[in-house]
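If you use my numbering, the sequence shown corresponds to residues 31 to 309, in order.
Glycine included, every Cβ here is placed at the ideal spot set by N, Cα and C.
Remember, it's a predicted structure, so these values are computed and weren't measured experimentally.
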Amino acid sequence: MPGNHSFLSFKHYGQALSFRFARDKKGWRLLVTTAAIRGRPCTCPEAGAMGLDINADHLALALIDRHGNPLSKWTIPCHTFGKTSEQRQAVIGDACKQVIELAKKAGVPLVMEHLSFRKKKDELEKSHSARYARMLSGLAYDQIHKTLVSRAYREGVELARVNPAYTSVIGRTKFSGQYGLSVHHGAAVAIARRYFQFSERLPRGATAWLWDDRAGHVALQLPEDNGKHVWTRWAILRGKLATALAERPKRLKHPPALSATTGLREGESGVVFDTALPF
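So, in structure tokens, the structure goes:
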């Protein structure tokens, strides 16, 4: 009827879909694309944060409270070396699912490094070996990132990325020995703490004892305070560590199991707190 525009009023239900026809050697395919639905937010920084360190054959997770104290750790196998595309996708999907479930159950943001594959591979070569570093391919590393971002979005888990500078040497120096963590879990603690921008000062004293990944330690003299940014001192210490690790005697053919640590207990299906730790 003239002047009556009620017929233009309507409600939106569902979400938009886009369709695309593609042809390959098997014939025509109909591809449907839609926007991902974001899950209801279920994490809060007041409860702490969970740091993630990606490695050649596993994902190392460490949970800290809002004051920066380590509470628990997990090692999630993620062996992608030598796998087919389908096998690699299945392994990564299962590992990332476990990571997001742990963060969701703890109710804390997941924190990871904003790091390129090339830099990560260089970092692994410095602390382990070129062979160990080659176990993590660029394709797998990129796929882990994308899978975590997608699943965290759907599950309502906050996913934060932080500057990766010196997290490995900080974790090895300040947290691995003190809390009985592997070097990778120590790095995960450093990553989680950077989310809260906690202090990253070097330990007090003139000498630091660092794990060497081969059931031993290396003693390094801590660089003196030069009045510059604290990262300049961490850079000097990292250089000393790289030299020491390169010159260490080959006592063991392979490093010990990365999850064989004391102090914090390995989490199974939920958040595990170790009351024996002096918090």
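Please work out which residues of its chain come closer than 6 Å, Cβ to Cβ, to Leu178, disregarding the five sequence neighbours upstream and downstream, and give them in chain order. Cys126
Any idea what DSSP makes of Gln251, helix, strand or coil? strand
Cβ-Cβ separation, Val219 to Ala136 (assumed contact under 8 Å), whole Å: About 14 Å separates the two Cβ atoms, so there is no contact after all.
Span separating the alpha-carbon of Asn193 from that of Val141: 11 Å
Can the beta-carbon of Gly81 be found less than 7 Å from the beta-carbon of Ile221? yes
Inspect the beta-carbon positions of Lys134 and Glu185 and report whether they are closer than 7 Å. yes
Helix, strand or coil for Arg70 per DSSP? coil
Any heavy atom of the ligand GDP within a distance shorter than 6 Å of the CB on Ile122? Of the ligands one can find in the structure shown there are none, so the ligand GDP has no counterpart to examine.
Measuring CB atoms only, is the stretch 42-56 touching the stretch 107-118, in the sense that at least three cross pairs come out at less than 8 Å? no
Euclidean distance between Cα positions of Ser212 and Lys55: 49 Å
Measure the alpha-carbon distance for Cys74 versus Leu267 and round it to whole angstroms. 34 Å
Going along the chain, which residues of its own chain have a beta-carbon closer than 8 Å to the beta-carbon of Val260, five neighbours each way excluded? Glu230, Arg231, Leu232
Would you call Ile85 buried or exposed, if buried means 16 or more other Cβ atoms sit within 10 Å of its Cβ? The question names Ile, but residue 85 in the sequence shown is Asn. Per the 10 Å Cβ criterion, buried.
Beta-bridge partners of Ser102, as assigned by DSSP: Leu93
Which residues in the same chain as Ile200 place their Cβ atom closer than 7 Å to its Cβ, once the five residues preceding and following it in sequence are excluded? Ala220, Glu230, Trp264
Exposed or buried, Pro100, counting other C-beta atoms within 10 Å across all chains shown (16 or more means buried)? buried
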